[in-house]
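Enquirer:
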Amino acid sequence: MRRCSKSNFSNYEIYIAHRDNQIVRKLAGLLRPNVPKLAPCLLTYHSPMKTFHNTAHHMHAGKQEMFRGKLVDCHEVPDRLEYVLAELKRRKMGNILAPADDLPLQAALEAVHTREYLEFLATAWEDWVQLDPTNAQRDALPSVWPLAQAHAFRLDAPPLNFAARLGQYAFDSGTPLTAGSWQAARQGAACALAAVHAVLAGERAAFALTRPPGHHAGPAYMGGYCFINNAAVAAQALRDVGKKRVAILDIDYHHGNGTQTCFYERADIFTLSIHGDPRTEYPFFLGHADERGAGAGAGFNLNIPLPRGTGFEQWFAALQQAIAQVRQFQAEALVVPLGVDTFEGDPISGFKLRSADYLSIGQALRELALPTVLTFEGGYAVGEVGVNVANVLEGFEA
Ligand SMILES: [Zn+2]
């Protein structure tokens, strides 16, 4: 919300507001001829939410993923993003932009991920093809892992063979690494960073519309279709510019395991996640309610696992619980890993949210009244993913 001047009235909806800027009446431009007569302190304009769109996302297009013993077509496909983009354009929502190319991206990446992991990603495709030239026809998927059990495998003597190195950095075989994965993931992080800069410049909220998603990626690992943790990059960047306490409220169907790991011992970034119970739902090995943080971060991680089949009423109660915790934490900024695979029609998930519910989610997030960065995560019912994401944004802006 900013003061308006005569010159930009035509571009924005016009509001009449109280002196404290609380909006009481929305007139959507109808008062334009009368604007000069109104006292400046009563006027604000509301610009559409900025959406930073990853123009390189299509460079990451996996062919197949391993699912329960067979290779199946990828669920995480470029159309997911295109449907969101088309719906935002159809509703004339948002100000759709590409991130600036002069952002301090490398520093932001290294603030979350290890340099070794980033170097691994940067050369992974080249190394995969070097292993066997015919690999150029296939996505890279790991097939061997150093299982973490006492005296079982050494993690301090990394192998040189790329097939083994891939297993060292990936926790599943459902995340195909392709020729363009690094470029797409890197540009996605730039979108998250651009969204941070937008809220720092005064925007109430900004959306990083990007894929591959990010919330399963940890400091030095990929998995769950994720390579770079865009939400973590955004949260850390908000800290680095002076926001003292940042909350990450993950509303994807799946536990944000990578984000939790990144900040598990931190008291300045509170990670919260509402998700399918890991006893039955991916990523299985993290996301239980008793994971509350460790060391200085004890008490600053909150998991709310819910059973498969959960409907909106119960889910929304969990959201209210999480929002209350964010308030209590006195967060100065909010990051929302926005997955819409909580939708009842999602092919790989198990909650029962309906399209209209996403409007209520956006409204509830708005009520926190925090500078907010949203990052696009899961959502695989391709036809509806655009509607559901746009509903969250529309609810937020209502
Ligand atoms: Zn998900």
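So in this note's numbering the end of the sequence shown lands on 399, straight run, no missing numbers.
Backbone N, C-alpha and C fix where the C-beta goes; we use that ideal spot for every residue, glycine too.
Computed from a predicted structure; not experimentally measured.
Would you say the segment 170-187 touches the segment 50-68, given that touching needs at least three Cβ pairs under 8 Å?
Expert: yes
Enquirer: Among E77, H54, D74 and V113, which has the Cα closest to the Cα of L86?
Expert: To locate residue 86, count along the sequence shown from 1; it is residue 85. For the residues E77, H54, D74 and V113, the minimum Cα distance to L86 belongs to H54.
Enquirer: Give me, in chain order, the residues of the same chain whose beta-carbon lies closer than 6 Å to that of D80; leave out the 5 immediate sequence neighbours on both sides.
Expert: Locating residue 80 in the sequence shown gives position 79, where the first residue counts as 1. The answer, listed in chain order, is V383.
Enquirer: Considering only heavy atoms of ligand 1, does any lie closer than 7 Å to the CB of D253?
Expert: The residue labelled residue 253 in the question sits at position 252 within the sequence shown. Yes, the beta carbon of D253 sits closer than 7 Å to at least one heavy atom of ligand 1.
Enquirer: Going by DSSP in three states, C75 sits in which element: helix, strand or coil?
Expert: Reading the sequence shown from its first residue, position 74 is the one you call residue 75. Three-state DSSP puts C75 in coil, outside helix and strand.
Enquirer: Considering only the alpha carbon of each residue, which of G168, P134, D133 and N162 lies closest to A149?
Expert: The sequence position of residue 149 within the sequence shown is 148, counting from 1. Taking the Cα of A149 as reference, the smallest distance to any Cα among G168, P134, D133 and N162 is reached at G168.
Enquirer: Roughly how many angstroms lie between the CA atoms of N231 and L106, to the nearest whole one?
Expert: Stepping through the sequence shown from its first residue, residue 231 is reached at position 230. Stepping through the sequence shown from its first residue, residue 106 is reached at position 105. Cα-Cα distance, rounded: 11 Å.
Enquirer: In three-state terms, what does DSSP make of H217?
Expert: If you number the sequence shown from 1, residue 217 lands on position 216. Reduced to three states, the DSSP call for H217 is coil.
Enquirer: Does the distance from the C-beta atom of G259 to that of D251 stay below 8 Å?
Expert: By one-based count along the sequence shown, residue 259 stands at place 258. By one-based count along the sequence shown, residue 251 stands at place 250. Not closer than 8 Å, so no.
Enquirer: Tell me whether the segment 136-154 and the segment 236-252 touch, counting them as touching only if at least three CB pairs, one residue from each stretch, are closer than 8 Å.
Expert: The segment 136-154 and the segment 236-252 do not touch, with fewer than 3 CB-CB distances between them shorter than 8 Å.
Enquirer: Around the Cβ of A190, are there at least 16 other Cβ atoms within 10 angstroms (buried) or fewer (exposed)?
Expert: Numbered from 1 along the sequence shown, position 189 holds the residue referred to as residue 190. Buried: at least 16 other Cβ atoms inside 10 Å.
Enquirer: Taking DSSP as the reference, what is the three-state secondary structure of I349?
Expert: Position 348 of the sequence shown, counting from 1, holds the residue named residue 349. Three-state DSSP puts I349 in coil, outside helix and strand.
Enquirer: Label T281 either buried or exposed according to how many other C-beta atoms from any shown protein chain fall within 10 Å of its C-beta, with 16 as the threshold for buried.
Expert: As a working note, residue 281 is residue 280 in the sequence shown. Counting the other Cβ atoms within 10 Å of the Cβ of T281 gives fewer than 16, which makes it exposed.
Enquirer: Suppose you measure from the CA of N9 to the CA of A137; what does that come to, to the nearest Å?
Expert: Position 8 of the sequence shown holds residue 9. Position 136 of the sequence shown holds residue 137. Note that N9 has pLDDT 35, beneath the 50 cutoff, so the model's placement of it is unreliable and no number is given.
Enquirer: Distance check for T311 and M50, CA to CA, integer angstroms please.
Expert: Indexing the sequence shown from 1 puts residue 50 at position 49. Indexing the sequence shown from 1 puts residue 311 at position 310. The straight-line gap from Cα to Cα measures roughly 30 Å.
Enquirer: Rounded to the nearest angstrom, how far is the Cβ of A235 from that of A196, given a contact under 8 Å?
Expert: In the sequence shown, residue 235 corresponds to position 234, counting from 1. In the sequence shown, residue 196 corresponds to position 195, counting from 1. At roughly 6 Å, the Cβ-Cβ gap stays under 8 Å, so A235 and A196 are in contact.
Enquirer: Inspect the beta-carbon positions of I1 and R240 and report whether they are closer than 8 Å.
Expert: The question about residue 1 has no answer here: the residues shown for the chain are numbered 2 through 399.
Enquirer: Around the Cβ of G396, are there at least 16 other Cβ atoms within 10 angstroms (buried) or fewer (exposed)?
Expert: Numbered from 1 along the sequence shown, position 395 holds the residue referred to as residue 396. Buried, since its Cβ has 16 or more Cβ neighbours within 10 Å.
Enquirer: What does the Cβ neighbour count give for E77, buried or exposed, with the cut at 16 atoms within 10 Å?
Expert: What you label residue 77 is simply residue 76 of the sequence shown in a count that begins at 1. That one is buried.
Enquirer: Can you check the segment 84-167 for any alpha helix (DSSP H) of at least 4 residues that lies completely inside it and give the ranges in chain order?
Expert: 106-111 and 116-132
Enquirer: Which partner residues does C227 have in the DSSP bridge list?
Expert: In the sequence shown, counting from the first residue as 1, residue 227 sits at position 226. Beta-bridge pairing links C227 to G224.
Enquirer: Check for me: the beta strand (DSSP E) holding R277 runs from which residue to which?
Expert: Start at 1 with the first residue of the sequence shown, and residue 277 comes out as number 276. Note on residue identity: the sequence assigns Gly, not Arg, to residue 277. Its beta strand (DSSP E) spans residues I270 to G277.
Enquirer: Taking 7 Å as the line, does the beta carbon of E378 fall inside it for any heavy atom of ligand 1?
Expert: What you label residue 378 is simply residue 377 of the sequence shown in a count that begins at 1. Because some heavy atom of ligand 1 lies under 7 Å away, the Cβ of E378 counts as near it: yes.
Enquirer: Label D103 either buried or exposed according to how many other C-beta atoms from any shown protein chain fall within 10 Å of its C-beta, with 16 as the threshold for buried.
Expert: The count along the sequence shown starts at 1 and reaches residue 103 at position 102. Exposed, since its Cβ has fewer than 16 Cβ neighbours within 10 Å.
Enquirer: How would you write the range of the beta strand (DSSP E) that I249 sits in, first residue to last?
Expert: Counting from one through the sequence shown, the residue named residue 249 turns up at place 248. That run of the beta strand (DSSP E) goes V247 to D251.
Enquirer: Which term fits G379, buried or exposed, when burial requires 16 or more other beta carbons within 10 angstroms of its beta carbon?
Expert: Residue numbering aside, residue 379 sits at position 378 when the sequence shown is read from its first letter. G379 is buried by the Cβ-count criterion.
Enquirer: According to DSSP, simplified to helix, strand and coil, what is A238?
Expert: Along the sequence shown, one-based indexing puts residue 238 at 237. A238 falls in the helix class under three-state DSSP.
Enquirer: Is DSSP giving N302 helix, strand or coil here?
Expert: The count along the sequence shown starts at 1 and reaches residue 302 at position 301. Strand at N302.
Enquirer: Report the option in Q261, I305, H59 and L320 whose CA atom is closest to the CA atom of D358.
Expert: Working through the sequence shown from its first residue, we reach residue 358 at position 357. Nearest option by C-alpha distance: L320.
Enquirer: Assuming Y222 and H255 make a contact with CB atoms under 8 Å, what is their CB distance in whole Å?
Expert: Within the sequence shown, the letter at position 221 stands for residue 222. Within the sequence shown, the letter at position 254 stands for residue 255. About 15 Å separates the two Cβ atoms, so there is no contact after all.
Enquirer: For L360, which residues from the same chain have a beta carbon less than 7 Å from its beta carbon, with the 5 sequence-adjacent residues on both sides left out?
Expert: Here residue 360 corresponds to residue number 359 of the sequence shown, with the count starting at 1. Excluding positions up to five away in sequence, the list reads N392, E395 and G396.
Enquirer: Might you give, ordered along the chain, the residues of its own chain that have their beta carbon closer than 6 Å to the beta carbon of S350, omitting 5 neighbours on each side?
Expert: Within the sequence shown, residue 350 is the residue found at index 349, counting from 1. So the list reads Y254 and D342, once near-sequence residues are dropped.
Enquirer: Nearest by alpha-carbon distance to G224: which of E266, F264, D173 and P213 is it?
Expert: Locating residue 224 in the sequence shown gives position 223, where the first residue counts as 1. If you compare the alpha carbons of E266, F264, D173 and P213 with that of G224, the shortest gap goes to D173.
Enquirer: Is any non-hydrogen atom of ligand 1 found closer than 7 Å to the C-beta of D1, if you look at the structure I gave you?
Expert: Outside the modelled stretch of the chain, which goes from 2 to 399, sits residue 1, for which no answer is possible.
Enquirer: How close, in whole Å, do the beta carbons of G219 and T262 come, if the pair is a contact with beta carbons under 8 Å?
Expert: If you number the sequence shown from 1, residue 219 lands on position 218. If you number the sequence shown from 1, residue 262 lands on position 261. That belief holds up - the Cβ atoms of G219 and T262 are roughly 4 Å apart, short of 8 Å.
Enquirer: List the DSSP bridge partners of Q65.
Expert: On the sequence shown, residue 65 is found 64 positions in, with the first residue counted as 1. Bridge partners of Q65: D74.
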